[in-house]
Structure formats: C-alpha cells, structure tokens
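Residue numbers (our numbering): 1072 to 1322.
Let me begin by presenting the structure, written as structure tokens, before commenting on it.
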Amino acid sequence: VELPPPPPLLRPPPPPPLEIPRTWVAKTVKLSAKAQFVNWFFSLPWSQSQLGRIHDTLWQYCVGGWKDERVVFWMRDKTAHPGWIYNQEGCRQRLDPENHTILKPLFGSHLLKRYPDAVVNIVESEKSALIMANYYGGLDSQLWLACGGLKHLRLDAMQPLIDQKREVWLWPDKDGLDEWIKLRDKLGYDGIKIYETFLTDWWKEEDGPKADCADITIRMMSRPETATRNEQPKAEQDATAKIEEDVLPLG
C-alpha cells in the first residue's frame, strides 16, 4: 500500500528583532572620546569651522566607544540595532547575538525624520559617511548614510527612502561603480541617481583602485586656517552637554 507523503514540517517563527536600549547607546557615546577612530578623525586636516563641528557630527550619528579603544557605529532607525565595532587596525565585527533577528538599516537612518527635506547621499562605509558629513556640514540639506559594504545595499534598507520619495545619490567606491549602477536599475526608482564625478574627474591613481569619495576628499583637503582641538567652540560645548545628559538625536 502506498502511503501518503508526510505533512510538511512547520518552520518556527522568526525570533524577535533585537533592539538596543537607548541607555546602552548613550553610555557608548560617552566613551567615544577614548576611541582611536575619534582621535584619528580629529587628526584629519580640517579647517577651523570643520573642526568645530566634529563633536556635533559624532553626536548626530551616535558614534560610540567600546572596549580597548574600539569604536561602534550603531545602526539606528526608530530604535537602535546592533552595529559594527572597529578596532585600531580597521577590522570590524558585527554585534550579532544569537536567537534574535538582526535588522540592518542604513547607518544614519535615524536622521531621516530629523531632516525630512535633505538630499540623501549613500556611501559604502560608515567612516566615509562621517567624513563627508563633517566636511560639507549642513545635514538639513545633505544627509550622508552608509550601507556597510559593496554587497550591503539592499532593497529592504532602501525601501524607506523610496516610500518617502527622497532624492537619493549613490556614491560607490571606485571598484563598485558598475555593480551599483546595476543595483540602481534593479530598484526601479527614478529618484536614485549615481554620483560619478568624484571617480571620473577627481580620482587619481595614487588614490588606489578601491578609493571612495572620502579617500579623495582627504587627499584634496588642506588646512588654510590654524585648527586646534584644544579650542572649544559653542557647537562642541552644546554636543558635549547633550552627551553628558544622555540626550540622543531622535529619529
């Protein structure tokens, strides 16, 4: 006698998304000054005005400090999700606890609601997003987000931008231009464009085959004014006060 096939196995429901308490994020932001990344960030050849807004830039993006002088880039939309931890050598490790679904919004997504009219620029690395945000300033008109890598620009991360009908510019690395053009076409949203000028007009061989807009910007930066970290302009005082009071930028 031929027996009927067994019923399909029921898949267990996905584990709940992991959300990081605001108090945890606030504690790491207080430790950010000890991170090697922050010291390196201050050492770049900023102008005096750019140097004066570094603390505010780091606060806006909730850059945190971790053990052994590492830096953590939280992935936040309405809430905080596990992000990347970088050590002094630039090696990164994702905070991926077991038994939880990890949502991976774009780095800086929590600022979309804060700046609803800003053009959205997307780069690969969190470091590059911070450099470009601090270099240009004016987050109310130009936001800088990061996807975390060439292969990490996904539809689920881009969907909020499409739903909001935001103007989006993709800034791929030198070796990722062709792939991001294909991805842009696959997304099928006319509001997404590719910014190629940095790579076509300003890239030099000395920048290397994997250079991005931040690498090119650092090479082109000069320090026309004497900029020192010892001075504490009002923007830095305001950001420091917010950090001490555990105030985080709301989405």
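For each residue, glycine too, the CB sits at the ideal point set by N, CA and C.
Predicted model only: the values in this text are computed from it and were never measured.
The continuous alpha helix (DSSP H) containing lysine 1101 extends over residues 1093–1101.
Leucine 1216 carries a strand assignment under DSSP once its states are collapsed to helix, strand and coil. A straight-line Cα-Cα distance of about 31 Å links lysine 1281 and glutamine 1235. If you ignore the 5 residues before and after glycine 1179, its C-beta comes within less than 7 Å of the C-beta of Tyr1132, Ala1200, Leu1214, Trp1215, Leu1216, Ala1217, all in its own chain and listed in chain order. Judged by their CB atoms, glycine 1123 and valine 1100 are not nearer to each other than the 8 Å cut-off. Look at the beta carbons and you see the segment 1185–1202 touching the segment 1283–1290: at least three pairs across the two are nearer than 8 Å.
Residue environment analysis places aspartate 1272 among the exposed positions, since fewer than 16 neighbouring C-beta atoms fall within 10 angstroms of its C-beta. From the listed residues Glu1073, Val1239, Asp1139, Pro1077, the smallest Cα separation to isoleucine 1265 is found for Val1239. Residue pairing of valine 1190 in beta bridges, as defined by DSSP: Gln1213. Of Leu1129, Arg1255, Ala1106, the smallest CA-CA separation from valine 1142 is found for Ala1106. Contact annotation: leucine 1232 and valine 1191 have beta-carbon atoms nearer than 8 Å. If you draw a straight line from the Cα of lysine 1257 to the Cα of proline 1176, it is about 19 Å long. Judged by beta-carbon spacing, leucine 1270 lies within the 8 Å limit of lysine 1245, meaning their Cβ atoms are closer than that value. In this chain, glycine 1279 is not harboured by any alpha helix (DSSP H), its DSSP state being neither H nor E. Residue environment analysis places glutamate 1197 among the buried positions, since at least 16 neighbouring C-beta atoms fall within 10 angstroms of its C-beta.
The continuous alpha helix (DSSP H) containing lysine 1184 extends over residues 1182–1185. Nearest to glycine 1220 by alpha-carbon distance, out of Leu1210, Trp1251, Tyr1206, is Trp1251. Burial of glutamate 1195 is indicated by the presence of at least 16 other C-beta atoms within 10 angstroms of its C-beta.
Of the residues Tyr1207, Trp1274, Ile1263, Leu1081, the one whose Cα lies closest to the Cα of serine 1120 is Tyr1207. Straight-line measurement puts the Cα of alanine 1189 at about 8 Å from the Cα of leucine 1183.
Per DSSP, the beta bridge partners of isoleucine 1263 are Val1239. Judged by DSSP secondary structure, glycine 1136 falls outside any alpha helix (DSSP H) and instead within the beta strand (DSSP E) spanning 1134–1136. Selection Tyr1186, Met1146, Ser1212 evaluated against proline 1092 yields Met1146 as nearest (Cα-Cα). Around the beta carbon of glycine 1259, a 10 Å sphere encloses fewer than 16 other beta carbons of the protein chains shown; the residue is thus reported as exposed.
Sixteen is the threshold: when 16 or more other Cβ atoms of the shown chains lie within 10 Å of the Cβ of threonine 1128, as they do, the residue is buried.
For methionine 1146, the secondary structure class from DSSP, reduced to helix, strand or coil, is strand.
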